[in-house]
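Engineer:
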Amino acid sequence: MGRIVLENTTKSFGDVQVIPPLNLTIEDGEFAVFVGPSGCGKSTLLRMIAGLEDLTSGKIVIDDKDVTEVPPAQRGLAMVFQSYALYPHMTVRKNIGFPLRMEKMSQSEIDAKVDAAAKSLNLVDYLDRKPGQLSGGQRQRVAIGRAIVRDPSAFLFDEPLSNLDAALRVGMRLEISEMHQRMKTTMIYVTHDQVEAMTMADKIVVLQAGVIEQVGSPLDLYHKPRNIFVAGFIGSPKMNIFSGEEAAKFDAHSVGIRPEHLDVSTEGGIWKGTVGVAEHLGSDTFIHVHDTGLGDMFTVRISGDIAVTHGDTIYLTPHEGRMHRFDAQGMRIE
Amino acid sequence: MSDRRIPRLLQTPAVVLLLIWMLVPLSMTLYFSFIRYVLNSLRRPEWTKPSIENWRGFGNYEFVLNSKDFLLAIQNSLLIVCSILFLTVILGVLIAVLINKAFPGQGIVRVLLISPFFVMPAVNAVLWINMILDPVLGLQGVAVEGINGLLDALRMTPVIGNFFGMWPELQPISFRATQTSAWAVIIMVTWQWTPFAVLIFMTSLQSEDQQQKEAAILDGASTWSQFRFLTLPHLGRPIAIVVMIQAIFHLSLYAEIEIVSRGNGNKNLPYLIGEFANNNIGAASATGIFAVILANIVAIFLLRMVGKTLME
Ligand SMILES: Nc1ncnc2c1ncn2[C@@H]1O[C@H](COP(=O)(O)OP(=O)(O)O)[C@@H](O)[C@H]1O
Ligand SMILES: [Mg+2]
Chain U
1 MGRIVLENTT KSFGDVQVIP PLNLTIEDGE FAVFVGPSGC GKSTLLRMIA GLEDLTSGKI
61 VIDDKDVTEV PPAQRGLAMV FQSYALYPHM TVRKNIGFPL RMEKMSQSEI DAKVDAAAKS
121 LNLVDYLDRK PGQLSGGQRQ RVAIGRAIVR DPSAFLFDEP LSNLDAALRV GMRLEISEMH
181 QRMKTTMIYV THDQVEAMTM ADKIVVLQAG VIEQVGSPLD LYHKPRNIFV AGFIGSPKMN
241 IFSGEEAAKF DAHSVGIRPE HLDVSTEGGI WKGTVGVAEH LGSDTFIHVH DTGLGDMFTV
301 RISGDIAVTH GDTIYLTPHE GRMHRFDAQG MRIE
Chain D
1 MSDRRIPRLL QTPAVVLLLI WMLVPLSMTL YFSFIRYVLN SLRRPEWTKP SIENWRGFGN
61 YEFVLNSKDF LLAIQNSLLI VCSILFLTVI LGVLIAVLIN KAFPGQGIVR VLLISPFFVM
121 PAVNAVLWIN MILDPVLGLQ GVAVEGINGL LDALRMTPVI GNFFGMWPEL QPISFRATQT
181 SAWAVIIMVT WQWTPFAVLI FMTSLQSEDQ QQKEAAILDG ASTWSQFRFL TLPHLGRPIA
241 IVVMIQAIFH LSLYAEIEIV SRGNGNKNLP YLIGEFANNN IGAASATGIF AVILANIVAI
301 FLLRMVGKTL ME
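See the structure below:
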């Protein structure tokens, strides 16, 4: 079990309110991702759930039990930190077994659980090493192992992959997703990387300055961003957004169109521009288009390749029904 | 000249100076310890000049080993050094952990805590032995007298008087007596050197990783377990440093011993060297070599012990 409910929780550091009143429900077994720019309060929110930060007001309910005043260890949650926070003087075996040792579990039981966790995380050969003798990816695994053995009702991850190199990050991302599929335990995962959010989450919570901008499945957020912030934050490359006269033609204050929802032609289309840089990824090509008269540069994503060079004239046409319209407050118009 | 040789060349004077600085006294001590060399001798005036002709082999060493104070001096040196190390490390860790948390007046408390370290050793000894530990005039005497006075008054009162009648009269301890003077030295040096330990441990505590602590809290570690499994291992190296430096310093304690008891029943090796050096430089040098050997044994032994117990 692991249903986590935040009710009107707020957090202030001194006079600065980092989290304004916030309501959120994370269902049992869900993989929830908190995503938002750096400094928006993701870690603070996660630490409040873990019990490492006191709430300024409001309450936190886990499995119908108010845990606002319950000490961290008794909330049944396990956390994986960005810096791994392994105990440097203990071997991997002792690190993973530490929470069990604190529960006063018998040594034989501890050994059995540690061995099982080590096997599932490919750490068997490293059990007698100290954290200082491990690579970044192995340390991350040890941190996850230490969380797994506790058999928690929910896992909390705070940017667990941001210290790893790109290739490892993709691998670990898959492993964590795999782990979630297998264990079906609630997971809350904090990241500033929208790709991680999109690929892993059942439910994405987009935060900005401590305020929830939108909650929804990855595809919800992709297809129906509630406002301009979410529209610009989710999706890669970023959505093209323009406003002013051209937007008024569509009865909106601003209009957004994703790079992959534009057709490109050298003969004719709605908007005309000049080709800037073209990034060829093989499978896809990103073309940066200038001088469209729509404000900023446009990015277009087409699959395969196209024979255009720098300075060519190009015409863009948006796909039918793929435009996102926003009012003066930046909210979506249906 | 290549790029590497310039720095080497520039380092050379410092290295040479250090070598001379260490090697000259050590070799002179070694040399003196193998010859007959006294400051004053009417009978054998030729012994008053250091010369290879007065070669005595291990004679000085034998003489020192057989002198009645030698074993006592070694025992005393070890007792004093080990007790001081034990007390300063424990007190140092406790105080450092205590004042590491933020509290009002922290700055002043820290300065006050460090201040004993700035008192000169001789002054420290005079203050302690005369003003605090003296059985009559010192704080100890006054306190014992006060408590005895109170007990007397209580014995006079009806009913409970019988109960206090069974309590013994308190006797002040004379720290100048032969058995207790070592303890006077231990107390005063501990007082003076605990700040040093606190200072080193405090710096180390400030570099402790807070996320590890938080991870431990989530893992269900009590305050004691956090201290035992995270803080104490983290302090392992600073403790080794404190032990090492203090062992070197306290093996050569002199002023305190001189002031407390003039060495009566409480000599350590340096004091014994001092006594021999009044006339017999050869014996003093041999004792000095024994002291060097002892210092090395103590250092190696202590470091092993500290390393084993803390690093799991
Ligand atoms: N202990 C603290 N004291 C004061 N301000 C803090 C503290 N912790 C975080 N903050 C502030 O709260 C805001 C949110 O921080 P954080 O939750 O770490 O952001 P994120 O994890 O989203 O990058 C930041 O502006 C940060 O400066
Ligand atoms: Mg953060």
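Chains U and D are the protein sequences, given in the same order.
Under the UniProt record's numbering, the residue at position 314 of the first sequence is numbered 314, and the numbers go up by one with no gaps.
Under the UniProt record's numbering, the residue at position 262 of the second sequence is numbered 262, and the numbers go up by one with no gaps.
We put the beta carbon where it would ideally sit given N, CA and C, even for glycine.
1) Quick check: does the Cβ of Glu159(U) come within less than 7 Å of any heavy atom belonging to ligand 2?
2) Looking at Leu269(D): is its Cβ nearer than 8 Å to the Cβ of Ser77(D)?
3) If you measure between the beta carbons of Gly136(U) and Leu164(U), is that distance less than 8 Å?
4) Assuming Pro135(D) and Ser174(D) form a contact by the criterion Cβ under 8 Å, report the distance between their Cβ atoms to the nearest whole angstrom.
5) Across which residues does DSSP place Gln208(U) in a beta bridge pair?
6) Is DSSP giving Ile19(U) helix, strand or coil here?
7) Which residues in chain D sit within 9 Å of Ala78(U), going by Cβ to Cβ distance?
8) Grab the span of the beta strand (DSSP E) containing Phe155(U) for me, first residue to last.
9) Report the neighbours of Leu316(U) on chain D: residues whose CB is nearer than 7 Å to its CB, in chain order.
10) Since Pro135(D) sits in a beta bridge, which residues does DSSP pair it with?
11) For the putative contact between Ile333(U) and Ala201(U), defined by C-beta atoms under 8 Å, what is the C-beta separation to the nearest angstrom?
12) Only counting the same chain, and skipping five residues up and downstream in sequence, which positions put a Cβ closer than 6 Å to that of Met79(U)?
13) Roughly how many angstroms separate the alpha carbons of Gln329(U) and Asp296(U), rounded to a whole number?
14) For Arg278(U), does the three-state DSSP call read helix, strand or coil?
15) Report yes if the CB atom of Gly58(U) is closer than 8 Å to the CB atom of Asn8(U), and no otherwise.
16) So does the stretch 207-225 of chain U actually touch the stretch 101-118 of chain U, counting three or more Cβ pairs closer than 8 Å?
17) Name the chain D residues whose beta carbon is nearer than 7 Å to that of Glu102(U)?
18) Given the structure, does Ser83(U) come close to ligand 2, in the sense that its CB is under 7 Å from one of the ligand's heavy atoms?
19) From the DSSP output, in three-state form, read off Arg301(U) for me.
20) Could you tell me whether the Cβ atoms of Leu205(D) and Ala96(D) are closer together than 8 Å?
21) Out of Phe81(U), Val18(U) and Pro37(U), state which residue places its alpha-carbon closest to the alpha-carbon of Gln210(D).
22) Should Ala118(U) and Ile148(U) be called a contact, given that it needs their Cβ atoms to be closer than 8 Å?
23) Kindly list the residues whose CB is nearer than 8 Å to the CB of His310(U), restricted to its own chain and excluding five residues on each side of it in sequence; keep chain order.
24) Work out the CA separation of Gly97(U) and Glu214(D) for me, nearest whole Å.
25) Grouping DSSP H, G and I as helix and E and B as strand, with all else coil, what is Asn130(D)?
26) Going by the CB atoms, is the gap between Val205(U) and Phe233(U) shorter than 8 Å?
27) What do you reckon, is the C-beta of Ser43(U) under 7 Å from a heavy atom of ligand 2?
28) Using CA coordinates, which residue listed in Gly273(U), Thr299(U), Gly304(U) and Asp305(U) is at the minimum distance from Asp291(U)?
29) If we define contact as Cβ-Cβ less than 8 Å, is Phe201(D) a contact residue for chain U?
30) Any idea which residues DSSP pairs Gly256(U) with across the strands?
31) Using 8 Å as the limit for Cβ to Cβ distance, is Glu214(D) near chain U?
32) Quick one: Cα of Arg237(D) to Cα of Phe276(D), how far?
33) Is the CB of Tyr87(U) under 8 Å away from at least one CB in chain D?
34) If you draw a straight line from the alpha carbon of Val114(U) to that of Arg93(U), how long is it in whole angstroms?
35) Measuring CB to CB, does Gly256(U) end up less than 8 Å from Tyr315(U)?
36) Out of Pro71(U), Gln138(U) and Ser265(U), which has the shortest C-alpha to C-alpha gap to Thr317(U)?
Structural biologist: Well, looking at it:
1) One-based indexing of the first sequence puts residue 159(U) at position 159. Under cutoff, so the answer is yes.
2) Numbered from 1 along the second sequence, position 269 holds the residue referred to as residue 269(D). Numbered from 1 along the second sequence, position 77 holds the residue referred to as residue 77(D). A Cβ-Cβ contact shorter than 8 Å links Leu269(D) with Ser77(D).
3) Stepping through the first sequence from its first residue, residue 136(U) is reached at position 136. Stepping through the first sequence from its first residue, residue 164(U) is reached at position 164. For Gly136(U) and Leu164(U), yes; Cβs fall inside 8 Å.
4) As a first step, residue 135(D) is located in the second sequence; it is residue number 135 there, counting from the start. As a first step, residue 174(D) is located in the second sequence; it is residue number 174 there, counting from the start. Their Cβ separation, rounded to whole angstroms, is 5 Å, which keeps Pro135(D) and Ser174(D) in contact under 8 Å.
5) Here residue 208(U) corresponds to residue number 208 of the first sequence, with the count starting at 1. DSSP, once it has assigned bridges, lists Val211(U) as partnering Gln208(U).
6) Within the first sequence, numbered from 1, the residue matching residue 19(U) stands at position 19. Note: Ile19(U) maps to strand in three-state DSSP.
7) As a position in the first sequence, residue 78(U) is number 78, starting the count at 1. Chain D residues near Ala78(U): Leu218 and Asp219.
8) As a working mapping, residue 155(U) is identified with position 155 in the first sequence. Judged by DSSP secondary structure, Phe155(U) falls within the beta strand (DSSP E) whose first and last residues are Ala154 to Asp158.
9) Counted from its first residue, the first sequence places residue 316(U) at position 316. In chain D, no part has a C-beta under 7 Å from the C-beta of Leu316(U); the shortest such distance is about 48 Å.
10) For the purposes of this step, residue 135(D) is taken as the residue at position 135 of the second sequence. Beta-bridge partners of Pro135(D) (DSSP): none assigned.
11) Counting from one through the first sequence, the residue named residue 333(U) turns up at place 333. Counting from one through the first sequence, the residue named residue 201(U) turns up at place 201. Between Ile333(U) and Ala201(U), the beta carbon gap of about 26 Å keeps them out of contact (Cβ cut-off 8 Å).
12) Taking the first sequence and counting its residues from 1, the one referred to as residue 79(U) is at position 79. If we look at Met79(U) and ignore the five residues flanking it on each side, its Cβ neighbours are Ala50 and Leu156.
13) Here residue 329(U) refers to the residue found at position 329 of the first sequence. Here residue 296(U) refers to the residue found at position 296 of the first sequence. When rounded, the distance between both Cα atoms is 20 Å.
14) Sequence index remark: in the first sequence, residue 278(U) carries index 278 (1-based). The residue you asked about is not Arg; residue 278(U) is Ala in the sequence shown. DSSP, reduced to helix, strand and coil, places Ala278(U) within a strand of the structure shown.
15) The count along the first sequence starts at 1 and reaches residue 58(U) at position 58. The count along the first sequence starts at 1 and reaches residue 8(U) at position 8. Cβ distance < 8 Å, so Gly58(U) and Asn8(U) count as in contact.
16) Result no; under three Cβ-Cβ pairs closer than 8 Å.
17) Reading the first sequence from its first residue, position 102 is the one you call residue 102(U). One detail in the question is off: residue 102(U) reads as Met in this sequence, not Glu. The contacting residues are Asp219, Gly220, Ala221 and Ser225.
18) Residue 83(U) sits at position 83 when you count from the first residue of the first sequence. In this structure, ligand 2 has no non-hydrogen atom nearer than 7 Å to the beta-carbon of Ser83(U).
19) The residue given as residue 301(U) occupies position 301 in the first sequence. In the structure shown, Arg301(U) sits in a strand (DSSP, three-state: E or B).
20) Stepping through the second sequence from its first residue, residue 205(D) is reached at position 205. Stepping through the second sequence from its first residue, residue 96(D) is reached at position 96. It is a contact, given that the beta carbons lie within the stated cut-off.
21) One-based indexing of the second sequence puts residue 210(D) at position 210. Ranking Phe81(U), Val18(U) and Pro37(U) by Cα distance to Gln210(D) puts Phe81(U) first.
22) The residue labelled residue 118(U) in the question sits at position 118 within the first sequence. The residue labelled residue 148(U) in the question sits at position 148 within the first sequence. Their beta carbons are not under 8 Å apart, which means Ala118(U) does not touch Ile148(U) by this criterion.
23) Walking along the first sequence from the start, residue 310(U) turns up at place 310. Result list for His310(U): Val275, Gly276, Val277 and Ala278, in chain order.
24) Position 214 of the second sequence, counted from the start, is the residue given in the question as residue 214(D). Position 97 of the first sequence, counted from the start, is the residue given in the question as residue 97(U). About 16 Å.
25) Here residue 130(D) is taken as the residue at index 130 of the second sequence, counted from 1. Helix, per DSSP.
26) As a working note, residue 233(U) is residue 233 in the first sequence. As a working note, residue 205(U) is residue 205 in the first sequence. With contacts defined by Cβ atoms closer than 8 Å, Phe233(U) and Val205(U) do not form a contacting pair.
27) The count along the first sequence starts at 1 and reaches residue 43(U) at position 43. Within the cutoff, so yes.
28) Counting from one through the first sequence, the residue named residue 291(U) turns up at place 291. Looking only at Gly273(U), Thr299(U), Gly304(U) and Asp305(U), the smallest Cα-Cα distance to Asp291(U) is reached by Gly273(U).
29) Your numbering for residue 201(D) matches position 201 in the second sequence. For Phe201(D), not one C-beta of chain U is nearer than 8 Å to its own C-beta.
30) Along the first sequence, one-based indexing puts residue 256(U) at 256. According to DSSP, which records beta bridges pairwise, Gly256(U) is partnered with Ile241(U) and His324(U).
31) Mapped onto the second sequence, residue 214(D) falls at position 214. The beta carbon of Glu214(D) sits closer than 8 Å to some beta carbon of chain U.
32) The count along the second sequence starts at 1 and reaches residue 237(D) at position 237. The count along the second sequence starts at 1 and reaches residue 276(D) at position 276. Taken atom to atom, the span from the alpha-carbon of Arg237(D) to that of Phe276(D) is near 38 Å.
33) In the first sequence, the residue the question calls residue 87(U) occupies position 87. At least one chain D Cβ lies under 8 Å of Tyr87(U).
34) Indexing the first sequence from 1 puts residue 114(U) at position 114. Indexing the first sequence from 1 puts residue 93(U) at position 93. The alpha-carbon atoms of Val114(U) and Arg93(U) are separated by roughly 7 Å.
35) As a first step, residue 256(U) is located in the first sequence; it is residue number 256 there, counting from the start. As a first step, residue 315(U) is located in the first sequence; it is residue number 315 there, counting from the start. For the pair Gly256(U) and Tyr315(U), the CB atoms are not nearer than the 8 Å cut-off.
36) As a first step, residue 317(U) must be located in the first sequence, where it is residue number 317. Comparing Cα positions, the closest option is Ser265(U).
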